[in-house]
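Just so you know, the numbering used here puts the end of the sequence shown at 581, numbered straight through with nothing missing. Working notes, beginning with the structure itself.
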Amino acid sequence: MQTYLSLGRCAAVLAAFVLAAEAAKATSLSSRASVLRALSAGDKLPVSLENIETALLALEKQRGTPGLTNTVTEIHKMVTHMESMVQQQAKLTQQTLDQAWSDFTGCQGLYEAGSHSGLQSVDSLAKEHAACRLEESGLKIELEACESELTARTSSEEQRKNEFDALNKFPVAGFCSHRSSSQDYATVRGYIKHFRDHFASHLNSWEGAFNASSTAAKMKLQKSRECYGEDQKRDGKGGRDKAYESKRLDCQKLQTKLEDAACDRIAHRTDCVAYVMCYQSNYKAFFDAGQAKETALLQSQKQLTEYRGLGRIKCVLDSYSKYGDGDSLTQSISDCQNVDANQTFFQLALPDQKKGAMPADKTGCLSKDSAEKPGTQAFSQEMYKKLIEKDDAVHWTNVKEDVLNCKGRCCAVEATV
């Protein structure tokens, strides 16, 4: 745009010379004018350069005057400046194209397939976790059954102890008063029978209550150790309580592993989506019709055409400086039609044409499965409840509270299922 404005100023300056110039030779003007017009033959020059034709004709009207040399010098300076501006535009075109390519290739850094190569299968971990929780539920059921039996035995033990305590007392006063003289009994058997009836039945009752209480206490102790181990405490360190707690901790670790794997999937998908959006957007910005590559090629061609036109104009100016008049001037101007530009500045380097320059297309990363975020209701429904309660709803009830306590590193709010 700046070049075209400068060319317009150039044309305006030359037009001023036209208004100030003296009359020249009509035949010579007509002849050279046709040659000057031929300078643009074969090229479709920008309007600003086409207008320069009028300005060049001003030189004919100044031919033979003292001001011709100064006019040629001034126009030559302006054209040289225009050439520099076109060269700068050519550099800017290359820089713009390179930046568009850099934006496209820069997308590769958003997603590295290798960084996600260790992704574990969320589905397989979910199945493994569900199996663990089913075992945990089974152990909890066994522990609760043990505790239920322990409760019953505790109740029985208390009952037997109370029964024994009722008998484990000294007899009331007068209990031992009885006929003690053998004269009172007809036979020894009668005496022994009296003794048995009076004392042995009480002894038997006491011994029976004692044995029943002892047995109940032993059975309670046995069941308590079965449930909780030797210390008989529900601390997860012994018996069925230990087996259940150990399995629960194992399942918690597995759940953490599962949810972290889901977090990895989410991170993978986030990186992948960012890469795909970047890749597709910048691919279009570089390769699509009317975008960076096509625009740069068109601009480069226009710049070359403009630069070639400026070179031919300089050639004409040099002709006026070298030849005052005559056939030599006419021939020299005619020869300017064949002057070509130095194309060094306009050899546009297409970055996508370099060997190995095209980056790999990794947009297929979107095809990989991705789990919902841990802690969401959708995740808990799909990865936990659906798999755990399919055989028996009681299993889900047994593990629900612990399972819904999200353990991954990217948890959402706690799920309610």
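We treat Cβ as the ideally placed atom computed from N, Cα and C, and that holds for glycine. Computed from a predicted model, the values in this text were never measured in an experiment.
Given that a residue counts as buried once 16 or more other Cβ atoms are within 10 Å of its Cβ, and exposed if not, what is Thr315? exposed
Between the segment 317-324 and the segment 365-384, do three or more beta carbon pairs fall short of 8 angstroms? yes
Apply the 10 Å Cβ neighbour rule to Glu300 and answer buried if 16 or more other Cβ atoms are within range, or exposed otherwise. buried
Under 8 angstroms by Cβ, that's how I've got Gly539 and Cys427 pegged, so tell me the actual separation to the nearest angstrom. Gly539 to Cys427, Cβ: 10 angstroms. No contact.
Alpha carbon of Leu474 to alpha carbon of Val243, nearest angstrom: 6 angstroms
Chain-order list of residues whose beta-carbon lies under 7 angstroms from that of Ala190 (same chain, five-residue window excluded): Confidence in Ala190 is poor, its pLDDT being 38 and thus under 50, which makes the residue's placement unreliable; the coordinate value appears in the next sentence. So no residue of the chain qualifies.
Sorted by chain position, which residues of the same chain lie with C-beta nearer than 6 angstroms to Met547's C-beta, five sequence neighbours on each side aside? Ala290
Can you round the beta-carbon distance between Cys271 and Cys442 to whole angstroms, since I take them to be within the 8 angstroms contact cut? 4 angstroms
Three or more C-beta pairs under 8 angstroms: does that hold for the segment 478-496 against the segment 227-240? yes
List the endpoints of the continuous alpha helix (DSSP H) containing Gln396. Premise fails: Gln396 is in no alpha helix (DSSP H) and is neither H nor E.
Please go through the same chain and pick out, in chain order, the residues whose beta-carbon is closer than 7 angstroms to the beta-carbon of Lys304, but skip the five residues on each side of it. Tyr408, Asn562
What residue ranges within the segment 431-484 form continuous alpha helix (DSSP H) runs of no fewer than 4 residues, ordered along the chain? none
Is it buried or exposed for His366, if we count other Cβ within 10 angstroms and need 16 for buried? exposed
Checking 8 angstroms against the spacing of the C-beta atoms, do Gly403 and Arg389 come in under that value? yes
Could you spell out where the alpha helix (DSSP H) holding Glu553 opens and where it closes? Premise fails: Glu553 is in no alpha helix (DSSP H) and is neither H nor E.
Could you give the DSSP three-state label for Ala187: helix, strand or coil? Low local confidence applies: a pLDDT of 33 at Ala187 is under 50, so the model's placement there is unreliable, with the coordinate-based value given in what follows. Ala187: coil per DSSP, three-state reduction.
Assigned secondary structure, Thr540 (DSSP; H/G/I helix, E/B strand, else coil): coil
Compute the distance between the beta-carbons of Ser464 and Phe510, then report whether it is under 8 angstroms. yes
Taking the alpha helix (DSSP H) that Gly302 falls in, what are its first and last residues? 286-331
Could you say which of Gly454, Ala449, Val567, Gln386 lies nearest to Thr269 if we only look at CA atoms? Ala449
Applying the 10 Å Cβ sphere with the 16-neighbour rule, what's the burial state of Arg353? exposed
Could you give the DSSP three-state label for Val563: helix, strand or coil? helix
Over the uninterrupted alpha helix (DSSP H) stretch that includes Gly228, give me the two end residues. Careful: Gly228 lies outside any alpha helix (DSSP H) and carries neither H nor E.
For Arg398, which residues of its own chain have a beta-carbon under 7 angstroms away from its beta-carbon, when the five flanking residues on both sides are left out? Tyr392, Asp405
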